[in-house]
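J.:
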Amino acid sequence: MKTENLKLSIELFCLNDILSAKNAFSDFAFIGVQERDGYYILTFSECRYSIDETVKEFDNYVISLSAQQMKL
Amino acid sequence: MITGKCHLQYKKWSVMIMTIKFSRDIYSKEALFKAAYYYCDRAYFHIDADESYFYVCITPKNGDNSIPYEQEFQNKAVEYMNRQIINKKTGHIREIIMARAFASTVILGDNEDSTQLPEADEESAMKDWFDENRKS
Chain A
237 MKTENLKLSI ELFCLNDILS AKNAFSDFAF IGVQERDGYY ILTFSECRYS IDETVKEFDN
297 YVISLSAQQM KL
Chain B
993 MITGKCHLQY KKWSVMIMTI KFSRDIYSKE ALFKAAYYYC DRAYFHIDAD ESYFYVCITP
1053 KNGDNSIPYE QEFQNKAVEY MNRQIINKKT GHIREIIMAR AFASTVILGD NEDSTQLPEA
1113 DEESAMKDWF DENRKS
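Protein sequence lines, in the order shown, are assigned to chains A and B. Numbering of the first sequence is given in our numbering, commencing with residue 237 and proceeding in unit increments. Numbering of the second sequence is given in our numbering, commencing with residue 993 and proceeding in unit increments.
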C-alpha cells in the first residue's frame, strides 16, 4: 500500500486546522497524525485519488483554513 | 523598505517547482499565508520555516507555467505586508470612525430618558448626531 508523508511545522500550523482538514478529507484518504521534532507528520494512505494530488490539495486546504483565521 | 531586495531569494528546483525564501525580519507569517490563499486555486503551496527564513514551495496546478507565480507571489506578499503595516498604523482610526458612525444613532444626552425616544422622521435618520450636538 502506497503511503506518503507531509511535514507541517508546529510553529506555523494549528493542530485544530489540521484536524479539521483531516476530517474534510476523510472520504478521500486515511490520514495519520503524529508529532515529532517540531513538526506534525501526516501519513496519507488508502487514497481514493492520486496520492500526490491528495497531499498537495490537503496542504492547500490547511493553508486556506489558517489564512482565513488570520487578521491583517 | 519592505521589498527587501537582498532578503528575498528564490531558486528553481525544476521547471515545475519553485521555492522562495522570505526573511522573517521583513515578512510575517500572516502575509505569506494570505498570499498563498490568494493563489491556491492556481498553484499548490507548501510553507515551512526555520529560525531566519520562511520557505514557500510553489507548484503550478495542471503544469501551467505560463504565469510567473514566483514573482506574482512575491508581489502579493509585499501587498499583504503593506496592508498589515497600514492597518497597524491606522486601524485604530478606522475603528473610531466605525464606532462613531454606528453610535450616532443610539447616543442619548444626559437628560434624555432612554424609554422616551424622540419620534423619528425621515430627515433625522440622515443627520449625524455629532453635527447636531457639537459644542461650538
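Beta carbons: idealized from backbone N, C-alpha and C, even for Gly.
1) On a CA-only basis, which of B:1049, B:1057, B:1082 is nearest residue 1066 of chain B? Give me that one, please.
2) Please determine, among A:246, A:299, A:237, the residue with the shortest C-alpha to C-alpha distance to residue 274 of chain A.
3) Quick one: measure Cβ to Cβ for residue 1045 of chain B and residue 1015 of chain B, integer angstroms, because I've assumed they're closer than 8 Å.
4) I need the straight-line Cα distance from residue 1078 of chain B to residue 1055 of chain B, nearest angstrom please.
5) Contact criterion: CB-CB distance below 9 Å. Does residue 240 of chain A meet it with respect to chain B?
6) Please classify residue 290 of chain A as buried or exposed, where buried requires at least 16 other C-beta atoms within 10 Å of its C-beta.
7) Please confirm whether residue 288 of chain A and residue 244 of chain A have their CB atoms less than 9 Å apart.
8) The beta strand (DSSP E) that contains residue 268 of chain A, what's its start and end?
9) Going by beta-carbon coordinates alone, are residue 1053 of chain B and residue 1027 of chain B separated by less than 9 Å?
10) Can you pull out the residues from the stretch 271–298 of chain A whose beta carbon lies closer than 7 Å to at least one beta carbon of chain B?
11) Would DSSP call residue 1031 of chain B helix, strand or coil?
T.: So, to answer that:
1) Measuring from the Cα of residue 1066 of chain B, the nearest candidate turns out to be B:1049.
2) A:246
3) 6 Å
4) 36 Å
5) no
6) Buried, by the Cβ-count rule.
7) no
8) 266–272
9) no
10) 292, 295, 296
11) helix
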